[in-house]
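Chains as they are written, first to last, in this note's numbering: chain C, 1 to 476; chain H, 1001 to 1476. Beta carbons are placed, not taken as given, at the ideal position from N, Cα and C, and that holds for glycine. Because the structure is a prediction, the values reported are computed rather than measured. To start, the structure itself, in structure tokens.
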């Protein structure tokens, strides 16, 4: 039935098939760019709304900064320009004339926001400054994949300034938790919070934290990052404040971002061979009602009940759709399974007579997910069911994640582990070790998880004694 | 008290002063670009939310298309490329290399969306296609003004495809009404719906409709446009469908846009010499509570009542702020007046004793706007008051608009009228007449209003007999 390549056969093809068949996105006529179609964009809008609410609840406000950045701005922070130079899109002409100074299409906005912060911040009373932006950025990527790595991508970028390093660090961890909670509670996505290795940190940061998620092919996706920028950008852009003690000091800044690649994670973590499986909270359609009939007489009585149930569920605040298309039930079942609608309600003539409906939950395959329930109290029933489906998707993903992580103590164990998941192995945070891993495996250091037991082990690469373990695995 | 130039002295300075003092926006270090600060962006977010809801209620869905457009795409529609060529920002380098074909940063997306529509639309069953995008676009403007005309600006652009010209025209007018209703009902902005002259229409359109608003200096602002694109873009991009009669036909397309310049209109139409005056529906803060006290003892009892009222108003769903800053009441009054908060609640020790509060409404000056009301039922009272303030702002703007429009029947009358408002004058829709007006006045044809009496008059420029009158005035 399904028009998607089985995952076991070709995971990459499966991913592209799901995106096409579920009508999420299309290729654009510009290399490495995608068009996000209405159904895909509706999912992203829900994700954005949940995350935006979390930002506002934690005291952040939104603003908008320009798309273009003078090239010289990027050059003010040495690490930053080194990291981003190879990926820049450069505007050299405007209004029919060659520009005196080329403009870069923002790959991220630390520099241009740093410039404004330097104007806006005068005293400790102006701190903390907690601003978020929803926008798109451009990075000239060589190999692209819809949502996961595209030349232009939509994301949010937060930029904050603080009076002390301690407060900045609190912010970095607060946001990491906001992301982690958003992923779990809104998107049913588990993951590991942790510190990126020095080798893998953001260009210009002291420390980068991430949440790493395991996709269905056991590769990792860095789902989001939160950076402690120390005083690097404050010094580069002269972001200073007059402190309580009447001395002028550099601010401590942070930045953090989460992009539409999280929608890629939703597809890859929850999807199955029938297509998409959407967590109810971010599903554009949470419940679809499919009328089942053979004759015109049946159609009429079935539609009456289906229409009434549609109104009931809608009034209960659910995003519900009555599929009144002139197609077979089989076609419709397949179509809504592809699109990952969490709950399907089937209404046939018998159901009308018995005051029942058939229910199919997308999180469980075939018969296992089917049941018959009374039309009475249907809204309450489905309301609870949607919560159950969220939990069930989260649990399935957690089970998958944990059953593909292996604690390793030797290099040979790591080599074996990354063939079928991630290794959790003692590692010294030294770029030489990262390079060794990258050169000898098709894997890399993902992060040093925040939650790990106390202990002392031997680094699997350098043999040094270390007090922490890193996740190592293949990644996107 | 106020830190803004009086309007009568220098309207342009007044506008910039209000933007700065109300903390709406700042200049960016890129020519012609602005940074929208959190308070300004919060207003725009409210406007966007209201408009987005109206789009969705009328059957539209959101999507996202790329920022970059291959230069050759623009060249496919002759009028379109001619209109936009002088305003383009061009990316010539990406990823460290010169591009084979330059990319244009979208000035508007008809062309790249046309390309996708040609892929997506196969049959009449795929129509109408009703898509909207919230994004930013870039036009290399020579003279810029915050919100009104900036190089990069945020807007929404809708793009629809239809099976017949009739349906496309219905869409064009439906959207014009959506805009008009949004302006009046959400932003308290009156205006004139009308057809742009052939000379002033959008590059590539058959017909453009607009809403023209009168700013406080009596110049017009084209607040939004809705275009009948005929089959121009369908032919350029091969947007075809198989109709019911089994023949292949070109689609009829429309496009329409409303930008953050409407926020510029809100500032200019409603603002006064004390600063901003915000319509309650889009005000980030609808009610501010200012505690008034002299001693610590007074402070404590006043804050208790103020805190209770804050909770009451918040629970009633209002966006309320308790100003607990360590500043004088005079400073706070001035500050919130600058920022245009619709209602101020003052609580002093006497008010606490009497169970009263002082109210000041921002839409009426000084004493005229002040009253004392009971703390009992305060939420209901303010709820009604906010609706009254909306109506009052709309009426004031309408009064101003109508008292500065003069019906004219001769060129001399037009010349005089545009010195202090707009002329409504018989005009033949002929580009030669537009050019004559532009060459002889510092004014132009605004639009031909949809609502006008039946009749026949003599064109004030050409002397031809005509059946419609145009608005003529200075404009932004």
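Chain C within 9 Å of residue i, Cβ atoms only
{"i": "residue 1041/H", "result": "yes"}
{"i": "residue 1026/H", "result": "yes"}
{"i": "residue 1128/H", "result": "no"}
{"i": "residue 1074/H", "result": "no"}
{"i": "residue 1077/H", "result": "no"}
{"i": "residue 1085/H", "result": "yes"}
{"i": "residue 1166/H", "result": "no"}
{"i": "residue 1152/H", "result": "yes"}
Reduced DSSP category for residue i - H, G, I as helix; E, B as strand; rest coil
{"i": "residue 1147/H", "result": "coil"}
{"i": "residue 1278/H", "result": "coil"}
{"i": "residue 249/C", "result": "strand"}
{"i": "residue 418/C", "result": "coil"}
{"i": "residue 1133/H", "result": "strand"}
{"i": "residue 1442/H", "result": "coil"}
{"i": "residue 1008/H", "result": "coil"}
{"i": "residue 1038/H", "result": "helix"}
{"i": "residue 1431/H", "result": "helix"}
{"i": "residue 945/H", "result": "Since the first residue of chain H shown is 1001 and the last is 1476, residue 945/H is not available in this structure."}
{"i": "residue 118/C", "result": "helix"}
{"i": "residue 1458/H", "result": "strand"}
{"i": "residue 1241/H", "result": "strand"}
{"i": "residue 273/C", "result": "coil"}
{"i": "residue 25/C", "result": "strand"}
Buried or exposed (CB count within 10 angstroms, at least 16 for buried), residue i
{"i": "residue 1351/H", "result": "buried"}
{"i": "residue 1060/H", "result": "buried"}
{"i": "residue 1245/H", "result": "exposed"}
{"i": "residue 1315/H", "result": "exposed"}
{"i": "residue 200/C", "result": "buried"}
{"i": "residue 1210/H", "result": "buried"}
{"i": "residue 111/C", "result": "buried"}
{"i": "residue 1136/H", "result": "buried"}
Option nearest residue i by Cα separation, candidates the options
{"i": "residue 1046/H", "options": "1263/H, 1219/H, 1214/H and 1081/H", "result": "1263/H"}
{"i": "residue 1129/H", "options": "1189/H, 1473/H and 1063/H", "result": "1063/H"}
{"i": "residue 1165/H", "options": "1190/H, 1321/H, 1231/H and 1221/H", "result": "1231/H"}
{"i": "residue 348/C", "options": "341/C, 356/C and 342/C", "result": "356/C"}
{"i": "residue 42/C", "options": "57/C, 10/C, 23/C and 28/C", "result": "23/C"}
{"i": "residue 1328/H", "options": "1337/H, 1302/H, 1353/H and 1294/H", "result": "1294/H"}
{"i": "residue 108/C", "options": "100/C, 133/C, 54/C and 399/C", "result": "133/C"}
{"i": "residue 1257/H", "options": "1251/H, 1224/H and 1429/H", "result": "1224/H"}
{"i": "residue 1184/H", "options": "1135/H, 1266/H and 1137/H", "result": "1266/H"}
{"i": "residue 101/C", "options": "70/C, 126/C, 120/C and 81/C", "result": "70/C"}
{"i": "residue 312/C", "options": "297/C, 440/C and 288/C", "result": "288/C"}
{"i": "residue 454/C", "options": "460/C, 444/C and 467/C", "result": "467/C"}
Within-9 Å CB hit, residue i to chain H
{"i": "residue 155/C", "result": "no"}
{"i": "residue 82/C", "result": "no"}
{"i": "residue 57/C", "result": "no"}
{"i": "residue 94/C", "result": "yes"}
{"i": "residue 486/C", "result": "Here chain C covers residues 1 to 476 and nothing more, so residue 486/C does not appear."}
{"i": "residue 311/C", "result": "no"}
{"i": "residue 142/C", "result": "yes"}
{"i": "residue 90/C", "result": "yes"}
{"i": "residue 51/C", "result": "no"}
{"i": "residue 70/C", "result": "yes"}
{"i": "residue 61/C", "result": "yes"}
{"i": "residue 45/C", "result": "yes"}
{"i": "residue 266/C", "result": "no"}
{"i": "residue 135/C", "result": "yes"}
{"i": "residue 115/C", "result": "yes"}
{"i": "residue 29/C", "result": "yes"}
{"i": "residue 65/C", "result": "yes"}
Contact test: residue i Cβ vs the ligand FMN heavy atom, cutoff 8 Å
{"i": "residue 1465/H", "result": "This structure does not include the ligand FMN; it has no bound ligands of any sort."}
Runs of alpha helix (DSSP H) lying entirely within the segment 1285 to 1355 of chain H, each at least 4 residues, in chain order: 1296 to 1315, 1329 to 1338 and 1349 to 1354
Length at least 3, wholly inside the segment 1355 to 1428 of chain H: the beta strand (DSSP E) runs in chain order: 1356 to 1361, 1370 to 1374, 1405 to 1407 and 1422 to 1426
Every unbroken alpha helix (DSSP H) within the segment 1143 to 1224 of chain H, with a cutoff of 4 residues, ordered by chain: 1165 to 1181
Entirely enclosed alpha helix (DSSP H) segments - the segment 1068 to 1109 of chain H, minimum 4 residues: 1071 to 1074 and 1078 to 1084
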